[in-house]
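Report on the following structure.
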Amino acid sequence: MMSLVLTLVAQRDAATLDAATIALARDAVDGAQTVTTLSAGEAVDIPCPATAADRLPALRAALADKPVDAVLTHQDARRKRLLVSDMDSTIVANETLDDLATHAGIGEKIAEITARSMNGELDFATALRERVALLKGFPASLLEKAWNDVRLNEGAKELVQTMRAHGAHTALVSGGFTFFTSRVAALCGFQENHANTLTIADGMLTGETGHPILGPDTKLALLTTLAEKHVLPANATLAIGDGANDLPMLKAAGLGLAFYAKPIIRNAIAAQINHTSLRTALFVQGYPASAFSGA
């Protein structure tokens, strides 16, 4: 019985998912079945037996020199009914707090703390307070400048709008700030967004945030609460993120996707996007490109 699906994805503009690459992957996974094309030259589905999970290291070794993502998912409940996604370095290409700091002239100092936090070397709340404190006394108008730098990652709109078109609920959750999440959510079509707040007085950043601080535990709680609210089992949920503060929700979701993630995430989460775009988050749910919305 085929209980798993192997999805192979290459970059859309490269169209490098050729017959030879597909054959390499099929040979690495015992019992792989007939290939279904999701997007010509870009994505395919291959049904596999449960034992394919044990062959994942061999599969990755076979594809090591190929810019192809290979993700194994369960056949059951492939199309998720709840999406909870991180924002920075996931939905957007930026680290928005780092961008804000750059406009304040203290970019390197804050980026160093951000990197340590995302790698799990620092407690998230402590790292956030330290970074925000360094912004004390800078004009709040810098937020608008940082916003002008924000760029959506490829496939962000397609991911959100396609899932919504098929009945899923979508939430953007970030350890960053509502100034950015509210705008990114509106751009992509997320139905709700959750983040921290920056305190502003007389047009200046005070160096403080609102409380409580939204961190890894809050992200996990939000995933759980939304699943309960919409009467969804865990296997109907999808979480996407890249940093240490995303790890609890990635582990708890029916499908946790590590997106160009830090080592602490890549070592813990099997489903990874390392070469392609957020379109892959749709392909691994079995959506063909012809079903995508929001391009």
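Taking the numbering used here, the leading residue of the sequence shown gets 8, the next gets one more, and so forth.
Don't be surprised by glycine CBs; every beta carbon is placed ideally from N, CA and C.
- Around the C-beta of Ala140, fewer than 16 other C-beta atoms lie within 10 Å, and the residue is accordingly described as exposed.
- With fewer than 16 neighbouring CB atoms inside 10 Å of its own CB, Ser297 falls in the exposed class.
- The Cβ atoms of Tyr267 and Asp253 lie no closer than 7 Å to each other.
- Bounds of any beta strand (DSSP E) do not take in Met125; it lies within the alpha helix (DSSP H) bounded by 114-125.
- Look at Met94 here: in three-state DSSP terms it is coil, with no helix or strand label.
- Using a Cβ distance threshold of 7 Å, Gly293 and Gln168 do not count as a contacting pair.
- Taking a 10 Å sphere around the C-beta of Arg158, we find fewer than 16 other C-beta atoms and assign the residue as exposed.
- By a beta-carbon distance limit of 8 Å, Asn160 contacts Ile98. Their separation comes to about 6 Å.
- For the options Thr177, Phe187, Ala265, Leu107, the alpha carbon positioned closest to that of His237 is the one of Thr177.
- Taking Ala118 as the centre and dropping the five residues before and after it, the same chain places the C-beta of Asp105 closer than 6 Å to its C-beta, in chain order.
- By the neighbour-count criterion, in which a residue is buried when 16 or more other Cβ atoms sit within 10 angstroms of its Cβ, Lys258 is exposed.
- Ranking Val91, Ser46, Asn242, Gly127 by CA distance to the CA of Arg171 puts Val91 first.
- Sixteen is the threshold: when 16 or more other Cβ atoms of the shown chains lie within 10 Å of the Cβ of Ser284, as they do, the residue is buried.
- One Cα belongs to Ala193, the other to Ala202, and the distance between them is close to 14 Å.
- By the neighbour-count definition (other C-beta atoms within 10 Å, threshold 16), Ser148 is an exposed residue.
- Counting along the chain, His176 sits inside the beta strand (DSSP E) bounded by residues 176-184.
- The secondary-structure analysis by DSSP pairs Ala77 across a beta bridge with Leu15.
- Per DSSP, reduced to three states, the secondary structure at His201 is strand.
- Taking 8 Å as the upper bound for CB-CB distance, Met256 and Leu230 are in contact here, some 5 Å apart.
- Shown here for Leu221: same chain residues with a beta carbon closer than 8 Å to its own, the five before and five after excluded, namely Val180, Ser181, Gly182, His201, Ala202, Asn203 in chain order.
- With distances taken between CA atoms, Ala32 lies nearest to Thr14 out of Ala47, Thr14, Asp20, Ser46.
- Of the residues Val78, Met94, Glu128, Trp154, the one whose Cα lies closest to the Cα of His110 is Trp154.
- Counted as a single uninterrupted DSSP element, the beta strand (DSSP E) harbouring Ala265 occupies residues 262-266.
- Rounded to whole angstroms, Arg86 and Asn242 show a C-alpha spacing of 10 Å.
- Going by beta carbons, Gly48 and Leu24 fall inside the 7 Å limit.
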